[in-house]
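> Mapped onto mature numbering (1 follows the signal peptide of the UniProt record, and there is no 0), the consecutive letters of the sequence shown carry residue numbers -18 to -1, 1 to 253.
Note that beta-carbon positions come from the ideal geometry of N, C-alpha and C, so glycine has one too.
Before we start, here is the structure in question, set down as structure tokens.
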Amino acid sequence: MKKLLVLLSILLISLLAACGSDDHVIKIGATSTPHAEVLEKAKPILEEEGITIEIEEYSDYNLLNLDLDEGTIDANYFQHIPFFEKDINDPKKGYDLVNLGGVHIEPMGVYSKNITSVDNIPEGTEVIISRNDPDHYRILQLFEAQGLIKIADDADTAYPSQEDIVENPLNLQFLFGEVNAEFLIEAYNNEADALVAINTNYAIEAELSPLEDALFIEGEESDYVNIIVARAEDKDNEDLKKVVEVLQSEEIQNFIIDNYNGAVVPVGGNN
């Protein structure tokens, strides 16, 4: 009888331990490249810490904060700081989300099928930009850095337009918000005489090398740091803190350097 009770006690303890382990499973939404790839690299390190991450891959930026806010996922890793700030400040969305820390920067690049150098950009060339509003001013700054345009001092940084360009010697035609970000590669392939501003994750997925194929690319000093985001109620969650700590670790930061050859730049937790 005593042996039976001991066996039952051991079984009960095992069951309770198994149930308790669910507390250390974290579901993270991410776009595939490079975010899901970086998380996959971090997976075994986190397992050694007793944390299991389940990676949910998304192709549509607009669903990740919504699903996080609704509790479908526990955190997400896909967005840069201006995108995040615009989303959480949108009164229509009412998201109560927090930035847990920065991991990397994806320098924005400008590509063209037929235009082979900045010096050979024809007058009146169209510039195709995604519908992602927080990237619009970023892209104008990229063109200004190349000396192709000058932005007005009082430009609308949240929703810039062609009118915010005060100098434009080549009369470049910026097509703001006509293409979803995931279709920029299609625009690049179909509009051979245009310039297309493409997010690095989509460029990599299409086997473009941002450092070799872009006419010009954003520098490492970019403010557009990609971050881990969670619900405000989880801002002190120890497991999520550990996830950020591992992603900011030397091992993962070196993986980013070695794997993406400068197309993705680690920030080492500085944001």
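So within the region 93 to 171, which uninterrupted beta strand (DSSP E) runs reach at least 3 residues, ignoring any that extend past its ends?
Counting only runs of 3 or more, we get 108 to 112, 147 to 149, 155 to 161.
> Quick check: what's the CA-CA separation for glutamate 232 versus alanine 12?
Rounded to the nearest angstrom, the two C-alpha atoms are 21 Å apart.
> Here's the rule I'm using: 16 or more other beta-carbon atoms within 10 Å means buried, otherwise exposed. How should leucine 152 be labelled?
The residue is exposed, with fewer than 16 neighbouring Cβ atoms inside 10 Å.
> So the candidates are Ala169, Glu29, Asp78; which of them puts its Cα closest to the Cα of asparagine 47?
Selected option, being the one with the closest Cα: Asp78.
> Pull up the distance between the alpha-carbon of aspartate 101 and that of aspartate 175, whole angstroms please.
Approximately 14 Å between the Cα atoms of the pair.
> Which residues bound the beta strand (DSSP E) around asparagine 58?
57 to 62 is the extent of the beta strand (DSSP E) around asparagine 58.
> Find the nearest neighbour of isoleucine 70 within the set Ile239, Val211, Lys223, judged by alpha-carbon distance.
When each option's Cα is compared against that of isoleucine 70, the closest is Val211.
> Give me whichever residues DSSP pairs with glutamate 30 in a beta bridge.
Paired residues: none, contrary to the question.
> Classify alanine 188 as helix, strand or coil using the three-state DSSP reduction.
It is coil, neither helix nor strand.
> Taking 8 Å as the threshold (C-beta atoms), are isoleucine 121 and valine 247 in contact?
No, the pair does not count as a contact, with Cβ atoms beyond the cut-off.
> Among Val225, Gln123, Ala169, which has the Cα closest to the Cα of isoleucine 147?
Minimum Cα distance to isoleucine 147 is reached at Gln123.
> For isoleucine 27, collect the residues of the same chain with a Cβ closer than 8 Å to its Cβ; drop the 5 residues on either side in sequence, then sort them by chain order.
Excluding sequence neighbours, isoleucine 27 sits near Val228, Ser231, Glu233, Ile234.
> May I ask you to report which of helix, strand or coil DSSP gives lysine 68?
Helix at lysine 68.
> What do you reckon, are the CB atoms on isoleucine 33 and lysine 217 nearer than 8 Å?
Not closer than 8 Å, so no.
> Decide if lysine -17 is buried, meaning its Cβ has at least 16 other Cβ atoms within 10 Å, or exposed.
With a pLDDT of 49 at lysine -17, under the threshold of 50, the predicted position of this residue should be treated as unreliable, though the coordinate-derived value follows. It counts as exposed.
> Are the CB atoms of threonine 182 and glycine 244 nearer to each other than 8 Å?
Cβ distance not < 8 Å, so threonine 182 and glycine 244 don't count as in contact.
> Can you look up lysine 25 in the DSSP assignment and give me helix, strand or coil?
Of the three classes helix, strand and coil, the one that applies to lysine 25 here is helix, per DSSP.
> What span of residues does the beta strand (DSSP E) with lysine 224 cover, start to end?
No beta strand (DSSP E) holds lysine 224; the alpha helix (DSSP H) holding it covers 220 to 229.
> According to DSSP, is proline 248 part of a helix, a strand, or is it coil?
Strand.
> Could you tell me the boundaries of the beta strand (DSSP E) in which leucine 82 lies?
Taken as a continuous stretch (DSSP letters only), the beta strand (DSSP E) holding leucine 82 covers 79 to 87.
> Start and end of the beta strand (DSSP E) containing leucine 197?
Note, leucine 197: premise wrong, no beta strand (DSSP E); not H, not E.
> With C-beta atoms as the reference, is alanine 169 less than 8 Å away from tyrosine 184?
No, Cβ-Cβ distance for alanine 169 and tyrosine 184 is not below 8 Å.
> Pull up the distance between the alpha-carbon of asparagine 58 and that of valine 80, whole angstroms please.
Spanning the two alpha carbons is a distance of roughly 11 Å.
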